[in-house]
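First up is the structure itself, then whatever we jot down about it.
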Amino acid sequence: MTGFTLGQLAEVLDAKLDGDATRVVTGVASLDSAAATDISYLTDPRYASAARASRAGAFVAPVGTQGLPGPVLHCQSPQRALIELLTLFFPPPAPAVGVAQGAVVGEGASIDATASIGPLAVVEAGARIAARAQVHALAYVGRGVEIGEDSVIHPHVVLREGVRIGRRVIVHAGAVLGADGFGFMPDGGRFRKIPQVGGVIVEDDVELGANTTVDRATLGATVIRRGAKIDNLVHIAHNVEIGADTVIAAQSGIAGSSRLGHHVILGGQVGIGDHVTIGDGAMLGSKTGTISDLAGQAKYGGTYARPLMQWQRIWVAEAELPTMATRLKKLERRLAELEARLAGGEGA
Amino acid sequence: MTGFTLGQLAEVLDAKLDGDATRVVTGVASLDSAAATDISYLTDPRYASAARASRAGAFVAPVGTQGLPGPVLHCQSPQRALIELLTLFFPPPAPAVGVAQGAVVGEGASIDATASIGPLAVVEAGARIAARAQVHALAYVGRGVEIGEDSVIHPHVVLREGVRIGRRVIVHAGAVLGADGFGFMPDGGRFRKIPQVGGVIVEDDVELGANTTVDRATLGATVIRRGAKIDNLVHIAHNVEIGADTVIAAQSGIAGSSRLGHHVILGGQVGIGDHVTIGDGAMLGSKTGTISDLAGQAKYGGTYARPLMQWQRIWVAEAELPTMATRLKKLERRLAELEARLAGGEGA
Amino acid sequence: MTGFTLGQLAEVLDAKLDGDATRVVTGVASLDSAAATDISYLTDPRYASAARASRAGAFVAPVGTQGLPGPVLHCQSPQRALIELLTLFFPPPAPAVGVAQGAVVGEGASIDATASIGPLAVVEAGARIAARAQVHALAYVGRGVEIGEDSVIHPHVVLREGVRIGRRVIVHAGAVLGADGFGFMPDGGRFRKIPQVGGVIVEDDVELGANTTVDRATLGATVIRRGAKIDNLVHIAHNVEIGADTVIAAQSGIAGSSRLGHHVILGGQVGIGDHVTIGDGAMLGSKTGTISDLAGQAKYGGTYARPLMQWQRIWVAEAELPTMATRLKKLERRLAELEARLAGGEGA
C-alpha cells in the first residue's frame, strides 16, 4: 500500500486542508472501519455522527464541515474526491498487452497492438479489437464482433457473432450478449423457431453486470445507448432499446421490443412486458411490473404499476382490509334493521 | 448479402405474386426500417397502416391483403414465409466439422465424424456426441454426457456429468445443466448436504435460454419434455418435470419436484413453489406466484395466484381502497348517530 | 452399481433391521420408482401410504414404523440415513490430482500437491489453492485468490482477484464472485463509476448455486458467513453480509450494504433493498420484498413485507374487494335516504 501526505492529497483532490500537511495516510476506509493510518470520507450528512466517532487519521468532507476528530480535506464534491482517492490508493492493475498463452485467435481477426487478450480467450475470425481494449481469460468473442477502445470484457463473457461494443464499455463476468431472441411461431400445437438474425449494439460508456443477458434482435438491433448502467442478472430481450444514462438494478427484465427512454431508473426485480414504452426519467421501484406504457418524469410501484404514491397509499390501506369486510357486513345488517323498524313504524 | 427475384421467392415460399417477378430484393427488414431493396412482411393485421407507410420494395402478406405500396407475395401463412425468408437471406454459418484447436477430449469420448467441437471446449471421458451436433468454443461437456443429433451447445454452456440432451436441442450460452439440486437436512442448527445423484433429461426440440439453470435430480431425473421453449435466466430445480411444448419466459423459477403439464405458458418472473402441479394449457401472467396446484386450461395472475380476471378486478378495485376506509368510518358514525337518535326518540 | 446386504447397511447406518440380513439391494430409489432390487426411504410420515404401496425391496424408516411391505431398517434419523445411503451407492468420483492438460497457471500461484486443477482452467498469479481443493475445467481463479481445503470450484466459475474462499465450500458452475459492485456517482446528468476495490469473503461450509453472483465490496468486504446455503441465480450486492447458516432460495436478490442475520430463510425471488437489516431467524416467503428492516424470529410475506399471517389475511379479504366497493356505495345511498326521511319527519 502506497502512502500519501495530506498535502499531496489536497493538491490532487483540489481540496482545502485543515490540518497537518505532512501527515501520511496509507489507506482509505469507511468511517466505522478506518484506523489512524487511513483517510475516510463523509459524503452524506446522514453519517455526520459516524464521522465524529471515527478513528480515521484524516477526512474528506464537504466545504464547511465542522467538528471532525482529525485533519479535514474540504472538497466541493466529496464523492468525486472519494473516486479519486480510490483510484490513487488502488490503481487498477495494468493488463498484459498482447495475446496471452493459450488464447485462440481466428483468421482475419484484427487485434490492436495495445489491446490485451487473456489466457484461453477465444477470438473468432473477423473480430476487431481496438486500442487498449481488454479481453480477459476464457472470454468468447464471436465472428465479426467489434470491441471499441478502452473497453473491458471480463472472464467468461460471451459476445456472439456480430455484437458491437463501443468505447469504455465494461462487460462483467458471465454476461451473454447476442444469444437468440425468444421468438417462436405456433404451428399445429408446436412451436417453430423464428431465426434471430439481428444484432446487439452497445454504445460508449455502458456497464453491464455479471451474468446479465442481452439477446440479439430478430432483425435490426437490440440497442443499449450511451452511458446506461445495468446491474447483474438482468434480462434484455430482442429488439429492446435502453436509453442513454438509464440505470437498471439487478434481476430486472425487459421483454421484446420495449423501449426505455433516457435517465430511466429501474429498481431491482422490475419486469417490463413486451412492446412497452417507458418515458424519459421515469422511476420504477423494485419489483414493479408493467405491461402498459408509462409516462416519463414520474415514479411508479406495484404490479400492474401505478403512480408510486397511490400504490403506497393502497399498501397502507390494505392493512385494514380484513376488518373492513366484517365492518361492512355489520353495517349492512344494522341498516337493514333500522330500515325494517322504520318501515314497521310507518306501517303502524 | 445475396439477392433474389420476387419470382424466385414466390416459388420458394409457395406464394402468389402480385407484381413484377423480375424485381430483385437483397434484404429483409421490418416495415418501418425497410428500404426499397428490402422485402418486408405483414404478419399481423394490426400493422396494416405501418405496411401502407413502408418504403419496402416488396411485401409478404396474407392472402387477400389490399393497398400495399409495392409488389406483394400473398401467402397462406406470412409468419411461416418470414421464417423461410430469414433462413434464405441469413443462412446459418456452417460449423467447422471436427475437433478444433485446443479443445480437450477425454478418454473414451465418442464424437461423431460430422459433429463439431469448438476451440477450447472440454469434452470429458465417456461423453457421446451424435451426428452434426455442435459444441461451441469453451463449452463444458461432463463425463458420460449424451448429446443427440443436430443439437447446438453454445459457448460457455456447462453440461455436468451424465446430462442427456436429445436431438435438435439448442442450449444457449452460459446455461448450466446438472448442477446439484438445492437439498439440505437440518442437523442441530446447521445444514447437511443431501447428495444430488440424479440426472437431467432434455428431450428433442427443446430450447434453453442464456444463463438458465436446470439442476440435476436428487434421485431420478429432472425432465424437460419435447419441444419445451425456455427463455434466459430461468431456474428449474431438482426433480422438476416441464411438459411438452410448454413455454417459459425469462427469469421464471420452478422449485423442487414441481410438474408443469404440456402447453403451459409462463410469463416472465413467474414463481412456482415446490411440489406444485400446473395443469395442461394453464397460462400464468408475468410475475404470478403460486405455492398451490393450478388447474389447466385457465389463466392466472397475482401472488398467490388467482384466476386472471378476478385478479384484474381486484387490481381495479384497489384504486378505491384508500378512500373506502374513510367512507366506511363515516358511515359507521352516521349510522350510530341515527341509531342513537331513534333509540332516544323511542325512549322519549 | 455396487450391492450391499441389508446386514451391511444396518451396520453402516446404525439401524435396527427387521427382515432378512442377507438380502442384497443394488440401488436407492424414491418410494414410487423403486424396484425390488432397490432400497427406498420414508423420511416424512406424509408419505406413509406411498411407502405401503411401494415395490421397494427394503426400506429405511423411523423407529417404530409398522406395516411396510418389506424388510425395514429402523433409524433414529432416516434423513441422515438417506444421506449415508446416497454416498454409499453413488460415491463421488475421485478428481484427478494435479494440474490437467491445457490449464494455465500464473507465476507464483501456489497449488497444493493434493489439489486438482481441471483442463483449461486458469489460475492467475499469486493464487493459493489448498489441500484437496478442486478447481474444475474452464474455471477462472484470479490474482491472489485463496481457496481453502476441500473446496470445490465447478466449471466456468469466476473468482475475480482477491476473492477468499474458506474450507469445504462448494461453488456451482457459472457463479461469479468478485465482480464490481454497482456503484455510480451522478455527475451532470451522467454517471461516474465509483471504483470497487473491496473483496469477497466466503467462510467455511458455504454452498453457492449455479450462475449466482456475489459482488465485491466498494471498500471492505462482502461476506458470506459459515454454513450459509445459497441457491441458483441469486444476486448478492457489494458490502452485503449474509449470516451463518442462512438459506437463500433461487433468484433472490440482496441490494448493497444489507445484512442478513444467522438462520434467516429467504424463499425464491425475494428482494431485499439496500442498507436493510434482517434479524436472526427471520423467514421471508417467496417473492417477498422489503426496503425496511425486519425483526428476527418472525415470518413475512408480500411487498412491502408484512407479518406473514397479516399478509395472508389481506390476500383472503382481497377476494371480496371488487364487491365491497359496490356494497359501500349502496349503503351510502340507503343511509342518505334514511337520514333525509328522518330529517323530513322531524321537519314535518
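Protein chains in written order, with the working numbering: chain A, 796 to 1143; chain B, 796 to 1143; chain C, 796 to 1143.
Beta carbons: idealized from backbone N, C-alpha and C, even for Gly.
Listed along chain C are Leu933, His951 and Gly969, each with a C-beta nearer than 9 Å to that of His951 (chain B). The C-beta distance from Ile834 (chain C) to Ala853 (chain C) rounds to 5 Å, short enough to fall under 8 Å. Beta bridge pairing from DSSP links Tyr935 (chain A) with A:Val917 and A:Val953. Beta-bridge annotation (DSSP): Glu1002 (chain C) is paired with C:Ile965 and C:Lys1024. With a threshold of 7 Å between beta carbons, Pro886 (chain A) makes no contact with chain C.
Inter-residue distance for Ile924 (chain B) and Gly937 (chain B) is about 11 Å (C-alpha atoms, whole angstroms). Across the structure, Ser946 (chain B) and Asp839 (chain B) are spaced so that their CA atoms are roughly 31 Å apart. Judged by their CB atoms, Gly1091 (chain C) and Ala1077 (chain C) are nearer to each other than the 7 Å cut-off. In this structure, Pro873 (chain A) lies away from Asp815 (chain A), with their beta-carbon atoms at least 7 Å apart. Within chain B, Val899 have C-beta atoms less than 8 Å from the C-beta of Gln896 (chain C), given in sequence order. Secondary structure of Tyr836 (chain C) (DSSP, three-state): strand. For Thr1013 (chain C), there is no enclosing alpha helix (DSSP H), since its DSSP letter is neither H nor E. Taking one beta carbon from each stretch, the segment 1061-1076 of chain A and the segment 1030-1038 of chain B have fewer than 3 pairs nearer than 8 Å; the two do not touch.
For Leu1103 (chain C), the uninterrupted alpha helix (DSSP H) segment begins and ends at Leu1103 to Glu1113. A Cβ-Cβ separation of about 12 Å leaves Asp1026 (chain C) out of contact with Phe986 (chain B) under the 8 Å criterion. A distance below 8 Å between beta-carbons, with the five flanking residues on each side excluded, links Val892 (chain C) to the following residues of its chain, in chain order: Ala908, Thr909, Ala910 and Ser911.
Two segments are said to touch when three or more pairs of C-beta atoms, one from each, lie closer than 8 Å; by this definition the segment 1120-1130 of chain A touches the segment 1130-1137 of chain B. At a C-beta separation below 8 Å, Val855 (chain C) has no neighbours in chain B, since its nearest C-beta there lies roughly 13 Å away.
Identification of residues in the segment 1090-1123 of chain C having a C-beta nearer than 8 Å to some C-beta of chain A yields Thr1098, Tyr1099, Arg1101, Gln1105, Arg1108, Ile1109, Val1111, Ala1112, Glu1113, Glu1115, Leu1116, Met1119, Arg1122 and Leu1123, given in sequence order. With 16 or more other Cβ atoms from the protein chains shown falling within 10 Å of its own Cβ, Lys1082 (chain C) counts as buried. For Phe979 (chain A), no alpha helix (DSSP H) run applies; the uninterrupted beta strand (DSSP E) run containing it begins and ends at Phe979 to Asp982, by DSSP. From the beta-carbon of Glu1127 (chain A), the residues of chain C found nearer than 8 Å are Arg1122 and Leu1126. The three-state reading of DSSP puts Thr800 (chain B) in strand, counting E and B together. The Cβ of Ser844 (chain A) sits no closer than 7 Å to any Cβ of chain C.
The C-beta separation of Ala968 (chain B) from Arg959 (chain A) comes to about 17 Å, leaving the pair out of contact by the 8 Å criterion. With respect to the 7 Å criterion, Ala1093 (chain A) and Gly1068 (chain A) are not classified as neighbours on the basis of their beta carbons. For the segment 982-1000 of chain A, residues whose beta-carbon sits nearer than 8 Å to a beta-carbon of chain B comprise Asp982, Gly984, Arg985, Phe986, Arg987, Lys988, Ile989, Pro990 and Val992.
Across the structure, Thr797 (chain C) and Thr821 (chain C) are spaced so that their CA atoms are roughly 6 Å apart. Within the same chain, Cβ atoms closer than 7 Å to the Cβ of Ala920 (chain C) are found at Gly901, Glu902, Gly903, Ala904 and Arg938, the five residues on either side in sequence being excluded. Of all residues in the segment 1017-1040 of chain C, only Gly1022, Lys1024, Asp1026, Asn1027, Leu1028 and Asp1040 come within less than 8 Å of chain B when Cβ atoms are compared, listed by chain position.
Per the coordinates, the alpha-carbon of Glu941 (chain B) lies some 10 Å from the alpha-carbon of Arg962 (chain B). Ser1087 (chain C) is classed as exposed because its beta carbon has fewer than 16 other beta carbons within 10 Å across all chains shown. Our two residues, Ala805 (chain C) and Ser844 (chain C), have alpha carbons roughly 24 Å apart in a direct line. Here Asp809 (chain A) is exposed: its Cβ has fewer than 16 other Cβ atoms, across all protein chains shown, within 10 Å. For the C-beta of Ala974 (chain C), the chain A residues within less than 9 Å are, from N- to C-terminus, His949, His967, Ala968, Gly969, Gly1004, Ala1005, Asn1006 and Asn1027. Exclusion of the five residues before and after Gly1096 (chain A) leaves Gly1080, Thr1083, Leu1103 and Trp1106 as the residues of its chain whose Cβ lies within less than 6 Å of its Cβ.
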